[in-house]
Amino acid sequence: MSGVAVPERPASYWLRRFVVVTFVVLSVTAIVRGYFGPPPVFAWRMFPEASVWQAEIYRVDDAGDRIDVRDSWPGGYTWPTLVQGKGLGNPFDESGAVYGVDSTLHLLQGSLDWVAANTPDDHETVRLEAVVTYRHNGRQPVVVVLHSEERS
Amino acid sequence: MSWLRRINDAIDEIVDYRALVPLRIAAGPLVLLHLRPLLELAADGVTYRDRFWMPFVSWFPAVSGDVYVVLLWAAAFFAVLMSIGLFTRVATATTAAIVGYNLFVSQVHYHHNRTFLFVLLIGLAVVPVGRVFSLDALLARRRGKPLPPPTARRWPLMLLRFQVAAVYFASGFSKLVDPDWFGGTVTRIRVEWYSADAVAAGVPERWVDLFGSSGFHAGFAKVVVLTELFIAIGLLTPRLRATAIWVAIPFHVAIQISASVQVFTFAALTALVIWVAPTLERRRLVIGQRRRWFAVAVRWLDWTGRFAVETAGGGDVEMHDPVRGRLVGGSAVARTLSLLPLSFWLAAPVDAATRRAVGPTSASDSAR
C-alpha cells in the first residue's frame, strides 16, 4: 500500500463530469433511436427520403358509408382548418413526406385521432379513415389504410 | 489513454467565451424569425391548441392558448434583451426555455432546423456571453464596477462543439448507410421535383437533363454525404478545422438555395464561431500609421475578439501570433484577414498558401 494521498475532489468536479458524460450518452442515444422510427427527436436525419404520399380522407358514419371530408361536414369543419403543418394540411395532393413516410404516417394517424376527438358539432361520424398511397423513394406505390379511434 | 486524460483536463480549463458574442447577438433575430409565423397566427387568434397537435409524452404540460401566446411574446421580448445584452443570462435562459417548450409541446412543431437553434440557445445560456458588447457591460462600467472578463470553464463549449459536430455526423452517416441516399436516388428525385420549375425559369433543358440524370446523382450524392462527414470530423480535428469551416460555408449556402430550412442556414453559419480557439491570449497586431484604415477595419470586424490592435510609426503590419510567431507585411495581413469572420472565406486560402511558402507549423495552428 502506498502512502501517497489522493487529493480530494469537490462535488462540482464530479458534477461537471456527470453532466458531460450524460449529455454525450443522451445525444448518441437520440441519434441511434432515430433509426428505429418516429418521432425523430435529436436524431438529425436531414432530408432522409424523397418519398411522396397522398391520402383520401373519409368520415365513416353509423351506416358504414364513407364520405370524403372535402364534401359537407356537419359542424362546418374543414380538414385544412383542423390540421396544418408538415404537409398534413393538404393530404389530397401528392407531396413530399417530411422526415420520411414513417414519420408522415405516424403524424397522420395522430391527426385522425385528434380530429375525431375535437369535432364536437359532428354528430354523424363514428370514425375517420385515411387511404394513403405512398411511394418510397420512387418505388411502386403502396396503399395503407389508417383509422381514427372510434368516436363516442 | 492520453486522449481521455486530455478531455478530462479540458473540462476544467478556463477559456474565453468572447468569440461566442456574435452568436448571442445574432440569436435574437433568429429567434424572432423562427417565432414570426407563430406570432402571426396568434395575432389571428390561432394557437397550437386550435389545430391538430400531438404531445411527445402525455405528461408534458400543455398550456392554454392564452398562456401560449404570452409565452411566445415573452420569448420575442427576451430574445431582444439577449441580443442587446440586458439581463443577458436570464434573457437567454428564458428564450431557450420557451423556444424549447414550443418545440416539444407538439410533434407538429418539431423540426431539426428549429432544434438546432434551441441547442445553440442552451449553449449560450450557460456561458458568460453577456460580459462584453452588452448593455450589462455598459451599465456596469457606468456604475464603476466593470464586469469580469467572459471567462469560464470549458465544458459547456466542449458539449456545444460535440453537439454541433454530431449534427453533421448524424446527418451524413444516416445517408451513408442508406443505399437510396448514397446511390443518388434521393437527390435525383428531389431534383426532379423542381425540374419543371427550373425549365420554366429559363434553365436550359439539357442542363436540367444533366443534373437530373442517374449518373450525375450517383456522384453528387456521394459528394454531399462525404462533405457532411468531412465537416463533422474536420471540426473535431484541430488540423482540419479551418478547412472544415471553409467547406461548411458554401455547403450551408447551397442548402439555403436548394431547400427551405427556416433559420438553419443562418444559425449554422453564425454557430461557426464556436470553433474559434477560446484562448485567453489575444494576438498583438501592430499597424503602422500609414495604414490606420486597416487598424480601424480590424477593430470593427474583429467580432470574435482575437486581436489587440496597436498603431505605431511606419506603414507596415506586424502580428505576434502565439503559434506562428512574428509575421510581417503580406503574411501578417493574410493571417489577420483569415481570422476575421467576414474575410475568412476569401483570405484563408491565401493565408494557407503563405504558410506553405514559409514552412510547416504546429498541429494546433488551424485550431487558432
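Those protein sequences? They're chains A and B, same order as listed. For the first sequence, this note's numbering begins at 1 and goes up steadily by one. For the second sequence, this note's numbering begins at 1 and goes up steadily by one. Just so you know, even glycine gets a beta-carbon here, dropped at the ideal spot from N, CA and C. Quick caveat: nothing in here was measured; it's all calculated off a predicted structure.
Per-residue contacts from residue i into chain A (C-beta, under 8 Å)
i	result
R51/B	T81, L82, V83, Q84 and G85
F162/B	F23, V24 and S27
Residue burial classification, residue i (beta-carbon count within 10 angstroms, cutoff 16)
i	result
Q163/B	buried
A308/B	exposed
T354/B	buried
P128/B	buried
S2/B	exposed
P141/A	exposed
K175/B	buried
T361/B	A caution first: T361/B carries a pLDDT of 47, below 50, which makes its placement in the model too unreliable to give a value.
V69/A	buried
A259/B	exposed
K145/B	exposed
A188/A	One cannot answer for residue 188/A here, as it falls past the ends of chain A, which runs 1 to 152.
S364/B	For S364/B, the pLDDT reaches just 42, beneath the cut-off of 50, and the residue's location in the model is therefore unreliable, although a value from the coordinates is still provided. With fewer than 16 Cβ atoms within 10 Å of its Cβ, S364/B is classed as exposed.
H123/A	exposed
S58/B	exposed
P214/B	Correcting the residue type first, residue 214/B is Ser in the shown sequence and not Pro. Looking at its Cβ environment, which holds fewer than 16 other Cβ atoms inside 10 Å, S214/B is exposed.
P48/A	buried
G85/B	buried
L332/B	The residue you asked about is not Leu; residue 332/B is Ala in the sequence shown. Classification of A332/B: buried, given that the 10 Å Cβ count is 16 or more.
A165/B	buried
Residues that residue i contacts on chain A, provided the C-beta gap is smaller than 9 Å
i	result
A159/B	The question names Ala, but residue 159/B is Leu in the sequence shown. Those are V19, V20, F23, V24 and S27, listed as they occur along chain A.
F433/B	Residue numbering for chain B in the displayed model covers 1 to 368; residue 433/B lies beyond these limits and cannot be assessed.
Interface residues of chain B facing residue i [CB-CB closer than 9 Å]
i	result
R16/A	I11, D12, R153 and W155
L88/A	F52 and V108
Neighbouring residues, chain A, relative to residue i (Cβ below 7 Å)
i	result
I189/B	A50, N137 and G138
Residue i: contacting residues in chain B (beta-carbon distance under 7 Å)
i	result
I31/A	A166 and A170
(message) Which complete alpha helix (DSSP H) runs does the stretch 207-284 of chain B hold, if anything under 4 residues is left out?
(response) 214-236, 241-258 and 264-270
(request) Pair every Cβ in the stretch 132-150 of chain A with every Cβ in the stretch 53-68 of chain A, then say whether three or more of these pairs are closer than 8 Å. (result) yes
(message) Tell me which residues of the stretch 100-125 of chain A have at least one Cβ-Cβ distance to chain B shorter than 7 Å, keeping chain order.
(response) L107, G110, S111, W114 and V115
(request) Entirely within the stretch 59-146 of chain B and at least 4 residues each: give me those alpha helix (DSSP H) ranges in chain order. (result) 65-84, 88-105, 112-125 and 135-142
(message) Short of 7 Å Cβ to Cβ, which residues in the stretch 166-187 of chain B face chain A?
(response) A166, V167, A170, S171, S174, D180, T185 and V186
(request) Would you list, in chain order, the members of the stretch 39-50 of chain A that have their beta-carbon closer than 9 Å to a beta-carbon of chain B? (result) P39, P40, V41, F42, A43, W44, R45, M46, F47, P48, E49 and A50
(request) Entirely within the stretch 1-33 of chain B and at least 4 residues each: give me those alpha helix (DSSP H) ranges in chain order. (result) 2-12
(message) Along the stretch 133-144 of chain A, where does the CB come closer than 7 Å to a CB of chain B? Name the residues.
(response) N137 and G138
(message) At a CB distance below 9 Å, what residues from the stretch 105-121 of chain B approach chain A? Give them in sequence order.
(response) S106, Q107, V108, H109, Y110, H111, H112, N113, T115, F116 and V119
(request) Compile a chain-ordered list of the residues in the stretch 250-265 of chain B whose CB is closer than 8 Å to at least one CB of chain A. (result) A259
(request) Enumerate, from N- to C-terminal direction, the unbroken alpha helix (DSSP H) stretches of 4 or more residues contained entirely within the stretch 3-82 of chain A. (result) 11-33 and 79-82
(message) Any contact between the stretch 17-28 of chain A and the stretch 105-116 of chain A? By contact I mean 3 or more CB pairs, one from each, below 8 Å.
(response) no
(message) Using 8 Å as the cut-off, can you tell me whether the stretch 257-275 of chain B makes contact with the stretch 195-213 of chain B, which would need three or more C-beta pairs spanning the two stretches below that distance?
(response) no
(message) Which complete alpha helix (DSSP H) runs does the stretch 80-121 of chain A hold, if anything under 4 residues is left out?
(response) 101-117
(request) Would you list, in sequence order, the uninterrupted alpha helix (DSSP H) runs of no fewer than 4 residues that lie entirely inside the stretch 151-183 of chain B? (result) 155-176 and 179-182
(message) If contact is defined by three or more beta carbon pairs under 8 Å, each pair taking one atom from either stretch, is the stretch 18-27 of chain B in contact with the stretch 298-317 of chain B?
(response) yes
(request) Could you tell me whether the stretch 236-249 of chain B touches the stretch 4-12 of chain B, using the rule of 3 or more Cβ pairs below 8 Å? (result) no
(request) Could you pull out every unbroken beta strand (DSSP E) segment of at least 3 residues lying fully inside the stretch 313-340 of chain B, listed in chain order? (result) 317-321 and 325-328
(request) Say whether the stretch 29-40 of chain A touches the stretch 127-141 of chain A, bearing in mind that this needs 3 or more beta-carbon pairs closer than 8 Å, one atom from each stretch. (result) no
(message) Check whether the stretch 325-345 of chain B and the stretch 295-303 of chain B are in contact - that is, three or more C-beta pairs closer than 8 Å.
(response) yes
(message) Using a Cβ distance threshold of 8 Å, determine whether the stretch 92-107 of chain B contacts the stretch 115-132 of chain B, with at least three qualifying pairs required.
(response) yes
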